[in-house]
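Just below is one structure, and these are the notes that go with it.
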Ligand code: SF4
Ligand code: SF4
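Residue numbers (the numbering used here): 39 to 121.
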């Protein structure tokens, strides 16, 4: 059993709340805009994530989820913002 941390980059409005709340400094803001014209958060250091879900709780746009998986998966390329 593992966990997968996903950010829906097109739901993100770039407020930065998740970046500030993360105790492990996993998240940063992308330098590329999403389809809504915002700079979305992305997992800069996914290997440091402890899946505490603080970022999910903090996000006002419900853009972040932590999903239980059969195997540990670090990132979901189709939903994770790139640098
Ligand atoms: S689940 Fe916790 S450790 Fe992982 S990115 Fe979110 S706040 Fe950081
Ligand atoms: S808290 Fe949500 S909306 Fe704000 S930057 Fe993070 S993912 Fe984007």
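C-beta: ideal position from N, C-alpha, C; glycine also.
Segment limits, alpha helix (DSSP H) that includes residue i
i	result
residue 96	92–96
Burial state of residue i (16 or more Cβ within 10 Å)
i	result
residue 45	buried
residue 98	exposed
residue 42	buried
Coil, strand or helix - residue i by DSSP
i	result
residue 44	strand
residue 85	helix
residue 57	helix
residue 66	strand
residue 76	coil
Where the beta strand (DSSP E) containing residue i begins and where it ends
i	result
residue 104	102–107
Cβ separation of residue i and residue j, assumed to be a contact under 8 Å, to the nearest whole Å
i	j	result
residue 52	residue 78	6 Å
residue 56	residue 93	4 Å
- Task: Spell out a yes or no on whether the segment 50–66 and the segment 81–90 are touching, meaning 3 or more CB-CB pairs, one atom from each, closer than 8 Å.
- Result: yes
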